[in-house]
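S.K.:
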Amino acid sequence: MKKNKRCSSRHLPVEHISVLNHSQSTDTYRDWHCDTMLTLPVYAHHKEILQHIHANRTTVLIGETGSGKSTQLPQFLLREYRVAVTQPRRVAAINLATRVAHEQRTPLGHTVGYSVRFDHRAGRHTRCKYLTDGMLLRELLHDRLLSQYDIVVIDEAHERTVLTDLILGFLKELQHGPRPELRVVIMSATLSADTFSAFFDDCPVLHVRGRRFPVTQLYLRGDCDDVVDTAVRCCVQINAGEPLGDVLCFLPGQEEIDKAVAVVVQVAGELQRLGHPLMVPLPLYASLPPDQQAKVFQPLRKSLHQAKRKGPLRKVVFCTNVAETSVTVPGVRYVVDSGLRKVKVWRHALNLSTLLTVPVSQASAQQRAGRAGREAPGKCFRLYMEADLASMPQLTEPEIARCDVTAPLLLLKRCGVEDVVRWSWFEHPGRESVVAGLGELYALGALDSAGHITPLGERMSQLPLAPQLSAVLLAAEERGCLEAALDIVAALSVENLLLNAPPEKRDEVHERRAALCHHAQHWGDLVMCKELLDCYADVPRDEKREWCSELYVNHRAVREVAKVRGQLRRFFGEDTSGTDPEDESGAGSGAAGPAAHTPQTKLSSEQIPLLLQSFLRGFPRNVAVSHPDRSYRTASTGESVVPHPASTLFARRNCPAILYTEYVYTSRGYARNVSRLELAWLA
DNA sequence: GAGCACTGC
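For the first sequence, the positions run 38 to 720 when the working numbering is used.
(1) Check whether the Cβ atoms of Gly-415 and Arg-351 lie closer than 7 angstroms to each other.
(2) Could you tell me which residues DSSP pairs with Lys-296 in its beta bridges?
(3) Cα separation between Glu-520 and Leu-203?
(4) Are the CB atoms of Tyr-707 and Leu-389 nearer to each other than 7 angstroms?
(5) Over what stretch of residues does the alpha helix (DSSP H) that includes Thr-357 continue unbroken?
(6) The beta strand (DSSP E) that contains Ser-498, what's its start and end?
(7) Can you tell me which of the three DSSP states Ser-712 falls into?
(8) Determine the direct distance from the alpha carbon of Lys-332 to that of Ser-167, and round the result to whole angstroms.
(9) Is DSSP giving Asp-262 helix, strand or coil here?
(10) Is the segment 148-162 touching the segment 179-195, taking contact as three or more C-beta pairs under 8 angstroms?
(11) Would you report the Cα separation of Arg-496 and Cys-440, rounded to the nearest angstrom?
(12) Round the Cβ separation of Ala-268 and Leu-288 to the nearest angstrom and send it over; I've been treating them as touching at under 8 angstroms.
(13) Tell me the rounded alpha-carbon separation between Thr-123 and Asp-571.
(14) So Leu-392 is in the beta strand (DSSP E); what residue range does that whole segment cover?
(15) To which residues does DSSP link Lys-381 through a beta bridge?
(16) Since I believe Ser-398 is in contact with Glu-743 (beta carbons under 8 angstroms), could you give me their beta-carbon distance rounded to a whole number of angstroms?
(17) Considering only residues of the same chain and omitting the five flanking positions on each side of Leu-392, which have a CB-CB separation below 7 angstroms?
(18) Buried or exposed for Glu-477, please, with buried defined as at least 16 other CB atoms from any protein chain shown within 10 angstroms of its CB.
(19) Could you round the C-beta distance between Ile-437 and Pro-466 to whole angstroms and report it? I think they count as a contact, below 8 angstroms.
(20) Mapping the DSSP letters down to three states, classify Arg-654 as helix, strand or coil.
(21) Can you tell me where the beta strand (DSSP E) holding His-681 begins and where it ends?
(22) Less than 6 angstroms between the CB of Ser-651 and some heavy atom of the ligand SAH, yes or no?
(23) Give me the Cα-Cα distance between Ala-633 and Arg-578, rounded to the nearest whole angstrom.
(24) Using three-state DSSP, classify Arg-67 as helix, strand or coil.
(25) Could you name the residues that DSSP lists as bridge partners for Asp-374?
(26) Tell me the DSSP secondary structure of Tyr-118 in three-state form.
(27) Pull up the CB-CB distance for Ser-293 and Val-265, whole angstroms please, since I reckon it's below 8 angstroms.
(28) According to DSSP, simplified to helix, strand and coil, what is Ser-62?
(29) Indicate the three-state DSSP secondary structure (helix, strand or coil) for Lys-166 in the structure shown.
(30) State whether the segment 554-570 contacts the segment 502-510, with contact taken as three or more CB pairs (one from each stretch) at a distance under 8 angstroms.
(31) Are Gly-247 and Glu-412 close, meaning C-beta to C-beta below 7 angstroms?
(32) Quick check: Val-366 and Val-353, are their CB atoms within less than 7 angstroms of each other?
(33) Taking the Cβ atom as the reference point for each residue, do Ser-324 and Asn-533 lie within a distance shorter than 7 angstroms?
(34) Any chance you could list the beta strand (DSSP E) runs of at least 3 consecutive residues sitting entirely within the segment 81-126, in chain order?
(35) Would you mind giving the Cβ-Cβ distance between Leu-481 and Lys-450, rounded to the nearest angstrom? I have them listed as a contact below 8 angstroms.
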């Protein structure tokens, strides 16, 4: 087979191979008794696939959903190679390692292991390690040559996370430099194969067909004015005319989802009386409280009241992009796709990001449709015209092209890359973006005027944080308010710590939080974060869950904050303030009483100015000064900015100046995580 | 008066 892109047209034929055929064959894998493995399509071609990997430094493997590539290929490889397999998400890495260890009939952590943040199961005998892409980058910091691996498999490469992109660049540099023998396998979905092949010197592309059911695509005949209205009508139509099976409806954001759920709630009863199945609408998005998210995965009848359990039911899940890659909703036969998503775009020139509703790519539309065919043949109803498909971008714009590259640049500098503009970027973020990022690193003190990494920058690059937050901690250490800063920074680095209460409970929740956080009324959101964590530490263990749910605080996230805090604390030396507020993993710690441990240091009012001045060091450009029209003007560009409605400082606009960790432009410019500043601090 | 999605020694 020639080593060029022509190969990509060659689909290795795949039909399911019976277990019997295989156990009769004489190949070396027949002693593996796991039936599921023997029937997976990748298995049928493992010899050919291995031949390619032997013969080529890099191989792109296109494996459709259900091809078994993520579990099977590493097993073929581990006999000869020490293998690393990267995943974009922690749960995936853990689940895959667990399954493969089981198929290998070895305890997890021996031959097969994993490594993700806060959780490692691997040892000296590990031949195959599943890790998150961020974790492989961390390993790269300590072992520039990745010498513990012979082969690196990048799974889900088509998702193109920033971290995956960076790994691809590093792997290419290694192959062209100190590790010419290093094998690389890129596993991806169909459409992006050629991009990967081109980057790795036109390496061969192999296709393995998966096991999927056919999905019929249907399109609108005309334009759609109102997505929510059209989506709901479509769901009602499916409910009236299609055989039973659940519906998954992709909408751009929370607002649309809440509206759609409300409309379906209104009409479902009436439609049931007309003889249709009862539609049960469920929302699904990331900032939804965990117990509500769980409903999507539970069987319907459990969660309904007695009276509604009679007659056929149909689950209708209204979701954001979460359901495209991160979670799989079982039982889905019908997909309704609005063709829209929300995307955050970083504007380096303005130091802000915008949240835009944009059409999805064709690859993404295909992925969404595929969600209907996982268990049986399905249908996908697209809320746009077939002609619109051609005008949609073929691939989703990779993250690196639209995000802040400060962190990647610091990583490159740390790895000794002098000329970051000319580094082997898998996709170049653009010269302006790189220049802006270097400027930011210089302002943070991570680089000197010659562009070399400073000792401060070295320390920043080791912290598992955005460079801005690392800078805050280093400044806080200097000012003697590290303990308090650790809590706040840990909280900021965790997503969805504070959940959004439904509109009718919003004011109540705001008041409950305000009652607990006295300093926050004056000083703002960062201080509130710390005060809430202090309160949480005082709540008896068996009441913590309820306390969280009353305040719409994400319990899982608070525990994550404790873990991050512990990790950060270790970086700064021995923890002298006592144990982490909630270390439940240590079952051996005898003192199990609710207040038996020393909580983190409580916030004192004298510390607040020092604390906020430390934040000023990490976010020197995120400052706005009070303006007569009750808004604020940014110190850098003079744009108008107001505190986000969720901020404690939204209603009290009497600060001389504010500092914020994020500036997002949606319907207007909103500052998020806002704190009061005194003008004297700005000099 | 409003909140796409992931991730790290």
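The beta carbon of each residue, even a glycine, is placed where N, CA and C say it ideally should be.
Small disclaimer: the values here were computed from a predicted structure and weren't measured.
M.R.: This is what the structure holds:
(1) Not closer than 7 angstroms, so no.
(2) DSSP output for Lys-296 lists no bridge partner at all.
(3) Cα to Cα, the separation comes out at about 33 angstroms.
(4) Not in contact: Tyr-707 and Leu-389 (Cβ atoms no closer than 7 angstroms).
(5) Segment: none, Thr-357 is in no alpha helix (DSSP H) and carries neither H nor E.
(6) Per DSSP, Ser-498 belongs to no beta strand (DSSP E); it is in the alpha helix (DSSP H), 492-499.
(7) DSSP places Ser-712 in strand when its eight states are reduced to three.
(8) Here residue 167 is Tyr; the residue named in the question, Ser, does not match the sequence. C-alpha separation (whole angstroms): 30 angstroms.
(9) coil
(10) no
(11) 23 angstroms
(12) 6 angstroms
(13) Put simply, the backbone Cα of Thr-123 is about 37 angstroms away from that of Asp-571.
(14) Residues 389-396.
(15) Leu-392
(16) The chain is shown from 38 up to 720; residue 743 falls before or after that span and cannot be answered.
(17) Lys-379, Lys-381, Val-701 and Thr-703
(18) buried
(19) About 5 angstroms separates the two Cβ atoms, so the contact holds.
(20) helix
(21) It is not in any beta strand (DSSP E) - His-681 carries neither H nor E in the DSSP assignment.
(22) As presented, the structure is devoid of all ligands, the ligand SAH included, so that no description of it is given.
(23) Interpretation of Ala-633 is limited by its pLDDT of 33, a score under 50 that renders its predicted location unreliable; the figure taken from the coordinates is listed afterwards. Their backbone Cα atoms lie some 10 angstroms apart in a straight line.
(24) Interpretation of Arg-67 is limited by its pLDDT of 31, a score under 50 that renders its predicted location unreliable; no figure is taken from the coordinates.
(25) DSSP, once it has assigned bridges, lists Phe-287 and Arg-419 as partnering Asp-374.
(26) coil
(27) In the sequence as displayed, the identity of residue 293 is Glu instead of Ser. Yes, Glu-293 and Val-265 are in contact; Cβ-Cβ is about 5 angstroms, under 8 angstroms.
(28) Low per-residue confidence applies at Ser-62: pLDDT is 29, beneath 50, and the placement is therefore not dependable, though the value from the model is reported in the following sentence. DSSP places Ser-62 in coil when its eight states are reduced to three.
(29) strand
(30) No: fewer than three Cβ pairs fall under 8 angstroms.
(31) no
(32) no
(33) yes
(34) 95-100 and 120-124
(35) With a Cβ gap of about 12 angstroms, Leu-481 and Lys-450 do not count as contacting.
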